[in-house]
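So the sequence shown is numbered by our numbering: it starts at 3 and just counts up by one. Just so it is clear, CB atoms sit at the ideal spot from N, CA and C, and this is done for glycine as well.
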Amino acid sequence: MPENKWLEFENFNFNIPVPYTIYADFESLIVKINSSAPDPARSYTVPIADHIPCGYAYTVIGPDGNFKKPPVVYRGENAVDHFLENLIKEGNIKYFEKR
């Protein structure tokens, strides 16, 4: 049995620097759920609400620690799909900027 029960990362020389960091935040509407009574003879979890994504915001920070463009804000339907499409575009833009 090892003496130290905690693992620590020590090989910082193997870190790969990342040129860009994206910070993102989602907003959601909380919609109550009408559920039936659970069976008390069995283990159960009672769902009481759904979180429906309704918007997001993100910003891109460059290797110098500064904003690379104004924050992107979206409110509307299909927020998750819209967010993922925008992230893919950001990745493609950053990839071609490096070339």
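Give a yes or no on whether the C-beta atoms belonging to I54 and I32 are separated by under 9 Å.
-> A contact, by the Cβ cut-off of 9 Å.
Helix, strand or coil: how does DSSP classify K34 here?
-> The answer is strand: DSSP assigns K34 an E or B state.
Anyone know if the C-beta pair for Y60 and D27 falls short of 9 Å?
-> The answer is yes: Cβ separation under 9 Å.
Out of G67, V74, E79, point me to the one whose CA is closest to C56's CA.
-> The shortest C-alpha separation from C56 is found at E79.
Grouping DSSP H, G and I as helix and E and B as strand, with all else coil, what is F69?
-> Residue state, collapsed to three classes: strand.
Extent of the continuous beta strand (DSSP E) run through R44 | Unbroken run through R44: none, as it is neither H nor E.
9 Å Cβ cutoff met for E92 and V62 | Note that the C-beta distance between E92 and V62 is below 9 Å.
Exposed or buried, Y46, counting other C-beta atoms within 10 Å across all chains shown (16 or more means buried)?
-> For Y46, the number of other beta carbons within 10 angstroms of its own is below 16, and it is reported as exposed.
Just the Cα atoms here: how many angstroms apart are S30 and S38?
-> Just so you know, the alpha carbons of S30 and S38 end up roughly 24 Å apart.
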